[in-house]
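Engineer:
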Amino acid sequence: QCRVVTSEQPHVNIHREITSKEMASSNEQVMEDIRRLHEKVAIDDDELDELKIVSFEVVPNKIELLRRQYQQSDCPLLDEYDFRCDSNLRNLNIELRPNAFLRSHQERSLRNMFGGVAAACTINKPCLALCNSKISVERWKQQFTTWFTTNDSNVKLFIS
């Protein structure tokens, strides 16, 4: 099963059964596919305006193999979490409060606390904010309860 997303057709799903013979493809075939993909991607900057955005999903049991092959080839690999399509984690049904407003410098950086709170709200899934001090933990909790439409019982603290 493969889900292809392009800029022209945002939700094109391609479904087909993958045979066990296809699943047992050799590592050389995977490397050859990666090489062909890199050849297609290696284009001039002038041609970038003509590109379409394409993403694809990898067969779940081949993800680790793909990561190892990319690491051995010294190629960068960006692994993104598709939180909007994740049905394994429940949605929290939280929203930013109506008085919440992102300033331009907060929109540009998710490092600050309000940007992190806004990102957690956008993801709308259970999340974890790691802090290096007890004071930071308390501040994060206070910010979550200040800016989210949630009650205090939904924000848990773990302090060591």
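Going by the working numbering, the residue at position 85 of the sequence shown is 95; the numbering climbs one at a time, nothing skipped.
Beta carbons: idealized from backbone N, C-alpha and C, even for Gly.
If we count Cβ pairs, one from each stretch, closer than 8 Å, do we get three or more for the stretch 129-137 versus the stretch 66-76?
Structural biologist: In short, these stretches do not touch, since the Cβ pair count stays below three.
Engineer: Would you report the Cα separation of Glu105 and Glu42, rounded to the nearest angstrom?
Structural biologist: Taking the straight line joining both Cα atoms gives about 46 Å.
Engineer: Kindly indicate the opening and closing residues of the alpha helix (DSSP H) around Lys144.
Structural biologist: Lys144 to Trp157 is the extent of the alpha helix (DSSP H) around Lys144.
Engineer: Tell me, which residues are paired with Leu106 by DSSP?
Structural biologist: Its beta-bridge partners are Phe158.
Engineer: Check for me: the alpha helix (DSSP H) holding Leu99 runs from which residue to which?
Structural biologist: Here Leu99 belongs to no alpha helix (DSSP H), and DSSP marks it neither H nor E.
Engineer: Using the Cβ count rule (16 or more neighbours within 10 Å means buried), how would you classify Phe158?
Structural biologist: By the neighbour-count rule (16 or more Cβ atoms within 10 Å), Phe158 is buried.
Engineer: Whole angstroms is fine: what's the gap from Cys85's alpha carbon to Lys144's?
Structural biologist: The straight-line gap from Cα to Cα measures roughly 39 Å.
Engineer: What residue range does the alpha helix (DSSP H) around Arg77 cover?
Structural biologist: Where Arg77 is concerned, the enclosing alpha helix (DSSP H) stretches over Ile73 to Gln82.
Engineer: Compute the Euclidean distance between the alpha carbons of Pro108 and Ile133, then round it to the nearest angstrom.
Structural biologist: Looking at the two C-alpha atoms, the distance is approximately 18 Å.
Engineer: Cα separation between Val147 and Phe124?
Structural biologist: Val147 and Phe124: Cα-Cα distance of roughly 14 Å.
Engineer: Near Lys151, what residues of its chain come up, given a Cβ to Cβ distance below 7 Å and the 5 sequence neighbours on each side ignored?
Structural biologist: Val165 and Leu167.
Engineer: Since Lys135 contacts Leu102 with CB under 8 Å, what's their CB separation in whole angstroms?
Structural biologist: Going by Cβ atoms, the distance from Lys135 to Leu102 rounds to 7 Å, so yes, they are a contact pair.
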